[in-house]
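When we follow this note's numbering, the leftmost residue of the sequence shown carries the number 319, and every step to the right adds one.
Here a beta-carbon is modelled for each residue, glycine too, at the ideal position from N, C-alpha and C.
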Amino acid sequence: MKSVQHPLIAGLLMIGSLAAAAVSAHHNPGVYFDLGAVVIHRDVIAVSFTPSNPHGRLVYSMADTDGAMREWVAELPANNMMRRNGVESDMIQSGDRLTLRGNPGRQGATMLRITHALLPSGHVATFYSPQGTGSLEDLEVN
319 MKSVQHPLIA GLLMIGSLAA AAVSAHHNPG VYFDLGAVVI HRDVIAVSFT
369 PSNPHGRLVY SMADTDGAMR EWVAELPANN MMRRNGVESD MIQSGDRLTL
419 RGNPGRQGAT MLRITHALLP SGHVATFYSP QGTGSLEDLE VN
């Protein structure tokens, strides 16, 4: 019986370690986003704003370097975190023009880990705490 318990315990520990690594990879934004870089996307057009748990998303269009419109996806935090930051589900509507600040997707992916947004009302909404350099003044329209 003793020899059966040790392999069973070892197996359970190995499964637990693998599960913990998978959860850590899922919740580490550095896997998907370049946390050392900060970009500002000006005058983008909101396509859809879908707050949800565990992560919502903002789909938006912006012109690429050739002038063609390209769709991007911004990751949002969970609803409860957005509400704590004063962001409500009706603050962004389809067609709104926004300025977004955040960490770009890795390897040229059209993704953004949004930290802040300048809304049509003039309000700067905070989604995630900022990573990298930059300031909220960067979002102000000059």
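- Between L416 and V357, the CB-CB gap reaches or exceeds 9 Å.
- Put simply, the region 389-406 touches the region 364-380. At least three CB pairs are less than 8 Å apart.
- Secondary structure note for M409: it is in no beta strand (DSSP E), with a DSSP letter that is neither H nor E.
- Cβ atoms of M409 and L437 come within 8 Å of each other, at about 6 Å.
- Nearest neighbour of G420 by Cα position, chosen from V349, N346 and L353, turns out to be L353.
- Judged by DSSP secondary structure, R424 falls outside any beta strand (DSSP E); it is assigned neither H nor E.
- Residue state for V356 is assigned as coil, using DSSP reduced to three classes.
- By the C-beta density criterion, H359 is buried, having at least 16 other C-beta atoms within 10 angstroms.
- In the same chain as N403, and ignoring 5 residues on each side of it, the C-beta atoms closer than 6 Å to its own belong to T444, in chain order.
- Nearest in C-alpha terms to V442, of all of G385, N397, V405 and T368, is V405.
- Within the same chain, Cβ atoms closer than 7 Å to the Cβ of N371 are found at A396 and N397, the five residues on either side in sequence being excluded.
- L418 is positioned such that its CB atom lies closer than 9 Å to that of V362.
- Within its own chain, the residues whose Cβ lies closer than 8 Å to the Cβ of T428, once the five positions on either side in sequence are excluded, are R388, E389, W390 and V391, listed in chain order.
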